[in-house]
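Chemist: Residue numbers (my numbering), protein chains in the order written: chain A, 1 to 174; chain B, 1001 to 1818; chain C, 2001 to 2296.
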Amino acid sequence: MSGKNVRAKADGLTEVSMKINGRAYRGEVEPRTLLVYFLRDELNLTGTHVGCDTGHCGACTVVMDGKAVKSCMVLAVRAKGAEILTVEGLAHDDRLHPVQVAFTENHGLQCGFCTPGLLLSTLTLLQRNPHPTEEEIRRGIEGNLCRCTGYVNVVRSIRAAADSMAKQEVRGRS
Amino acid sequence: MSVVLEQTVSEPKGRVEDRRLLTGTGRFVDDLKMEGQAYMGIVRSMYAHARIKRIDLSTLRSSPDFIAALTGEDLLKEGVATVSQNQWPPQKPAKRYHLAVGKVRFVGEPVAAILVRRKIALEDLIEQVGVDYEPLPAVTTIEESKKGTTLVFEDWRDNVSQSADQKWGKAEDAIASAPNVIRAKLGIARQESVPMEPHSVLTRYDRGRDLYEVFATVQSVHGLREQLASELHVPEEKFHVKVMDMGGGFGSKGAQSYPEPLLACLFSRRTGLPVKWTATRTEEFLEAATGRDEYCDIAVACDKEGRLVALKANLECDAGVTGTQNHMSQLSMWTMLGGYRIPNVDVQLRVYATNKMPMGPVRGAGAPEGTYFIERAMTIMAEKIGIDPLELRRRNLAPRPGQWGAGGPAPGMELIDALVKESRYQELLKWKSEVNSRFARQGPSKSNVVAGLGVSFRSGGGADSGDWSEGSGESESGSGQWPTSEGEGAGDWRQSEAEGNPSPSWVDSRGEEATPTLDFTSEYARVTLDKSGRATVYTGSSPHGQGEETSFAQLASEELGTPLGDVSVVWGDTALVPAGIGTFGSRSAATGGSAVVDACRKIKSQLFGKVATVTGVDAKFLSIRKGRFSSTTQTQTPLPTLAEVMEMMGVTGVSAESYFRLSSIEYSGGAHLCVITLDPELGAVRVVKYLVVEDCGRMINKTIVEGQLHGGVLHAIGGSLFEKLAYDDQGNLLTSTMMDYCIPTAVDSPEVEVFHRGSPSTATLDGVKGVGESGTNVGYAAVMNAINDALAQVRPGARIDVAPATPEAISAAIATVS
Amino acid sequence: MIPKKFDYYSPSSLQEAIRLLRQNGEAKVLAGGQSLLPLMKLRLAAPTALVDISRLAGLSYIRDEVDYLAIGALVTHDAVEHDGTVKDRFALINDAVARIGDQQVRNLGTIGGSVCHGDPAADLPTALLVAEARYVLEGEGGKRIVPAREFFVDIFTTAVGHDEILTELQIPHLPPGSGSAYTKHSLRESDFAIANVGTVVTVEGDGKTCKEARIGFGSAGPTPLRAASAEQYLRGRPLDEATIAEAAERATEGANPPSDVHGSREYRLKMIKVLTQRSLGLALSRAGLTGSAAEL
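#1: Applying a beta-carbon distance threshold of less than 7 angstroms, which residues of chain A neighbour Leu1026 of chain B?
#2: Consult DSSP for Asn1436 of chain B and reduce its assignment to one of helix, strand or coil.
#3: Could you name the residues that DSSP lists as bridge partners for Thr1278 of chain B?
#4: Could you please give me the residues that DSSP links to Ser1532 of chain B through a beta bridge?
#5: Could you give the distance in angstroms between the alpha-carbon of Phe2151 of chain C and the alpha-carbon of Leu2092 of chain C?
#6: When you compare the CB positions of Val1752 of chain B and Leu1721 of chain B, do they come within less than 8 angstroms of one another, or not?
#7: Classify Glu1773 of chain B as helix, strand or coil using the three-state DSSP reduction.
#8: Taking Cβ to Cβ, would you say Thr1290 of chain B is nearer than 8 angstroms to Thr54 of chain A?
#9: Report all residues from its chain with a CB closer than 8 angstroms to the CB of Val1570 of chain B; omit the five preceding and five following residues, and keep chain order.
#10: Check the DSSP bridge columns for Ile1052 of chain B and list the partner residues they point to.
#11: Any beta carbon of chain C sitting closer than 8 angstroms to that of Leu1734 of chain B?
#12: Determine the chain C residues that contact Lys167 of chain A at a beta-carbon separation under 9 angstroms, and present them in chain order.
#13: Is there a Cβ from chain C that is less than 8 angstroms from the Cβ of Thr1745 of chain B?
#14: Whose CA, out of B:Tyr1295, B:Glu1035, B:Arg1458, lies closest to the CA of Glu1694 of chain B?
#15: Could you tell me if Arg1204 of chain B is buried or exposed, where buried requires 16 or more neighbouring beta carbons within 10 angstroms of its beta carbon?
#16: To the nearest angstrom, report how far apart Pro1389 of chain B and Ala1382 of chain B are at their CA atoms.
#17: Hey, is Lys2184 of chain C's beta-carbon within less than 8 angstroms of any beta-carbon in chain E?
#18: Reducing DSSP to helix, strand and coil, say where Glu15 of chain A ends up.
#19: Which residue's Cα is closest to the Cα of Lys1276 of chain B: B:Glu1213, B:Met1246, B:Gln1636?
#20: If you reduce the DSSP assignment to three classes, tell me which class Ser71 of chain A lands in.
#21: Please report the straight-line C-alpha distance between Met1649 of chain B and Ala1619 of chain B, rounded to a whole angstrom.
#22: Nearest CA to the CA of Leu2059 of chain C: which residue from C:Glu2253, C:Val2080, C:Ala2073, C:Val2029?
#23: Would Tyr2061 of chain C be called buried (16 or more neighbouring beta carbons within 10 Å of its own) or exposed?
#24: What residue range is occupied by the uninterrupted alpha helix (DSSP H) comprising His1715 of chain B?
#25: Here's the rule I'm using: 16 or more other beta-carbon atoms within 10 Å means buried, otherwise exposed. How should Ala1094 of chain B be labelled?
#26: Where Lys1147 of chain B and Cys1265 of chain B are concerned, what is the direct C-alpha to C-alpha distance, given to the nearest angstrom?
#27: Using the rule of at least 16 other Cβ atoms within 10 Å of the residue's Cβ for burial, across every protein chain shown, is Glu2145 of chain C buried or exposed?
#28: Assuming Ala1611 of chain B and Val1645 of chain B make a contact with CB atoms under 8 angstroms, what is their CB distance in whole Å?
#29: Would Pro31 of chain A count as contacting chain C if we go by Cβ distances under 8 angstroms?
#30: Compute the minimum distance between the beta carbon of Gly22 of chain A and the heavy atoms of the ligand ADP, and state whether it is under 7 angstroms.
#31: Using the Cβ count rule (16 or more neighbours within 10 Å means buried), how would you classify Leu13 of chain A?
#32: Would you verify that the beta carbon of Ser1505 of chain B is, or is not, closer than 8 angstroms to some beta carbon of chain C?
#33: Is there a Cβ from chain B that is less than 8 angstroms from the Cβ of Pro98 of chain A?
#34: Counting only C-beta atoms, is Gly58 of chain A closer than 8 angstroms to chain C at any point?
#35: For Thr1764 of chain B and Asp1297 of chain B, I'd like the C-alpha separation in whole angstroms.
#36: Across the stretch 1163-1180 of chain B and the stretch 1253-1260 of chain B, are there enough close Cβ pairs to call them in contact, namely three or more that are closer than 8 angstroms?
The following block contains the structure:
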């Protein structure tokens, strides 16, 4: 959102506000505060995880303005005014999102550390491409590393999620 | 005769632990916060080998964020012990401290620890610590270590950490006179576990009560408690060690003694503040216990019919500054010799110290290496003789495959036959032939590929618990003991105590239940059942992805007739679970599960005993389900309910403990088939198909078992294709980020099919045989054999025998044969 | 994992951004951050100020101009990947962006940010060198256009002045009868290249004589390079297996790849030849699809 020149001194704190999971949040950060640390340390949204230093593992993936991004590669100040979805925002009133249901029903998680990021990559993948091929699924989650599952049941879970979301779409329309 | 057992309790769809993990409400150590917590950072050595001349904290101390600092000198003043090391099997004690004293011995070794107020300032302040080093020559290869010109530990007379050998018959002679001999230099490069969650610790010290509260990423809270107690000279009961959710371990969080929990405890004690530390991924690569880095110079001889007559090998392992756990290379040796009849054997093992980070039990902990060595050799031999690689295995299976182990795993023959059937082996061979004919006709133009098939096999089995503590001999003299054969041939070098009956809970010589020491072959459980029929399982196991929160609940549900939703499983808390070994080494479902079943049966015994007394029905006809008893015989009086029985007993709940020790641990066997295509111009490999036939006995939860195999196999694929910790000649780690150390992504991974055969173990109470590492154990050889099979199409004689088989290494292998 | 401190500016106009750069000798431009932030987190880069242009309006468009395709510097890799015109007419650029990192990186990373970062092992610099892209730079003195061959100056160094900002890339339309391709060899799909080669071939009306060939490679010097002698060789010759193979042999002239943990010099040289062959073959097979006579 342009319009105003923003300056934040290295030594100082600057205010940021953004919408996360439908709620407004604000906080004070240094310019160098990464979005993932703002979420985890300032806002106590610890569902988004940190797994590496170089933006490779994807455990920190959130949805920002409709796109899956690695929140360790986004400055909190850059996310000012953004609409963010984290794993905490997937379920509604205790009802799991179809993607979450698909992952538990298909054993798409073991230790669970990479899972939040994977769920959000899956969500945006399926929103854009509701019927992905296996190759498209694997490519879509290429930026989410998992050491436990071998990705076999992850791919199954995503297929199942695609099926159930398609069914819901149909039901919703009829 | 094998059968996939029917479950009496069907597995739930989805695990108990899933919900919190899916909704971001899991509790990993770095998620935890304590009011007023301070942040610890580690200053790490820039040199592989150097004297520490000076540590300058002066700039640091003037920062408003600075709270405290520790150096090696402080540890000495506090009387902190050296880094713990097991002596099983015996290794030369490597005396070093959690903060380097006088000398650093690997790049990344902690030199100082600092405590700061704000997390965001931590790295700034670490940079303000100045350390003057006097560099020393670094020992960065096994060759240099052997020379001994520079000693990694000055109080050793050489750099050999362990020696061992296995010898029976006359291998040299047998090889000299055998018609078929193959030789190879095999190896797996240095690799790491790389769990997605880096190590983390949060500690708090209660001054008033002199109690340490420790949250840590560990596979065994009891193991950490023991280490902290012994290293800090503080009684164990002063520590309350906990872990809730953990993002994978794969051995790197299992019982290594790392500096950070101890240092955090010291800081907490000194300052009264809670102390938090989380590794960066770079620190994880620099410090986490590494594995593999084992090399095997092997000669194998067969007679005209392809029956093995001899095996001679030199095994060498680079153990860095050596580690807390040190059994890996001997497990390799033992694994290598275990599956086939080999009448003459001569194996020498040397483990070398170098200026690299310590070694640890990375998934498989020696078994992948050993299985790779023998299985690669077998396939090379099959090629030499000109018979099918699976056929060669068939001809050589040990008469009682997995000759230790009371459970009698499915005969290896059956696994191999199943592999042939399920893979549609003949069709695969035909497909391979078509692909390779096309390549032969058209050459590499148009990006043609060649195809290769590789197999690998490991018979199930385990070790007799009686012999494990019997290590003897000084490793310096080169006779480190692993249970040795009496020279009767491969079949008999272990004696199993139990002949099919699981051992009861431990009773002491007075026949009373006592608190035994636990070890690798045992595990603790306590189960409580309240009058409403709700059960709680307290286990010494420590699941971090393996699903015991669900599978143990299934076991208890099955035994006690309690609905799954009414069973909860508690672990990872030394205050709630008084004893335990932890989760590693593919043993939780087998040992931990048996302990759970044992405790449940003791509960039933108590309850049925009371019901029998009250109703006159013989206890052996009784069963319980959903809080109601029933009998298979006619009864005159109706049977009381659980609540009624408890009231009669004057209790609100019943509980029982088990310190369950197996007479023999059962590991699953596996036969794997890997199909790859190779683009010879690039050297690029694609795994197009992967099959596992496994026998893990009874599966408590089939989905969880298969998940373990999927992950284990991919671990082996990564280790065979991509993964290597690379160093320069100064001992600097060149692969310290996830950009440079490459683990497989979803794009690099194949579909993995799993087929089950099996017979339940009778050594465990739940019929289970351990499977967590099985995929990795058997996988390396399958992949490497497949690659070599494809290579033979491109350039006969081209071989690649050291993993990882990167595109460049494959390219070089092709070019080497002109 | 945490960068060193820096001042942060998020200007509301391009002019303001340029002025901030002029005032601040140590400042760096921040676009998508997918190249810069990883370096800053490892503290391999530590600019004392960042000028965040990621939200500037008017720099994110793809426009078909008469002679060229204009792509605004802030267009993300993902947007480029899904653009139909790019896919149809500049297959090598589509090939290249599809290989950049992973979906999350492509969602934020920008075409401008990637080229200004100037990493010879990255995908876009090589592809754009071969596409002969022109670079529109804006500074306080106004606009200037830097031709393709002058843009990449040294490793991580481009012709962009300290107080200039890249605003647009201009990709000249390929002549009729052209096909293009970008190929990359890396350990995993998402890794930086061990070798990467982009090609354009333009075929004469007879369908097989080479009118023009462009061959460019990265990961073999401080900047991406054109294989001039291989290009020269192909001009006027029929494009077949033999000539393509010969061109591939010549393609490494001028190449000076590093030896590091991802690949030795010798292996990289070999791979340049292999990829040149494959890229030329793929470009040739696509030549029938682009620039048909009907479009003239």
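Each residue gets a CB set at the ideal place from its N, CA and C atoms; glycine is no exception.
Modeler: Let me spell this out:
#1: Reading off the sequence shown, one finds Gly at residue 1026 of chain B, where the question assumed Leu. Simply Gly112.
#2: helix
#3: B:Ser1200
#4: For Ser1532 of chain B, which the question treats as bridged, DSSP gives no partner whatsoever.
#5: 19 angstroms
#6: no
#7: coil
#8: no
#9: Thr1536, Val1537, Tyr1538, Thr1539, Leu1576, Val1577
#10: B:Tyr1133
#11: yes
#12: Those do not exist, as Lys167 of chain A stays about 25 angstroms from chain C at its closest Cβ, beyond 9 angstroms.
#13: yes
#14: B:Arg1458
#15: buried
#16: 5 angstroms
#17: Although the question refers to chain E, the structure presented lacks it and instead comprises the protein chains A, B and C.
#18: strand
#19: B:Glu1213
#20: helix
#21: 16 angstroms
#22: C:Ala2073
#23: exposed
#24: 1702-1721
#25: buried
#26: 40 angstroms
#27: Residue 2145 of chain C is actually Ile in this sequence, not Glu. Answer is exposed; the Cβ neighbour count stays below 16.
#28: Checking the sequence shown, residue 1611 of chain B turns out to be Val, not Ala. Yes, Val1611 of chain B and Val1645 of chain B are in contact; Cβ-Cβ is about 6 angstroms, under 8 angstroms.
#29: yes
#30: Among the components of this structure there are no ligands whatsoever, and the ligand ADP is therefore not found.
#31: exposed
#32: Residue placement at Ser1505 of chain B is poorly supported in this model, since its pLDDT is 40, which falls under 50; the coordinates still yield a value, given next. Cβ-Cβ to chain C under 8 angstroms: no for Ser1505 of chain B.
#33: no
#34: yes
#35: 37 angstroms
#36: no
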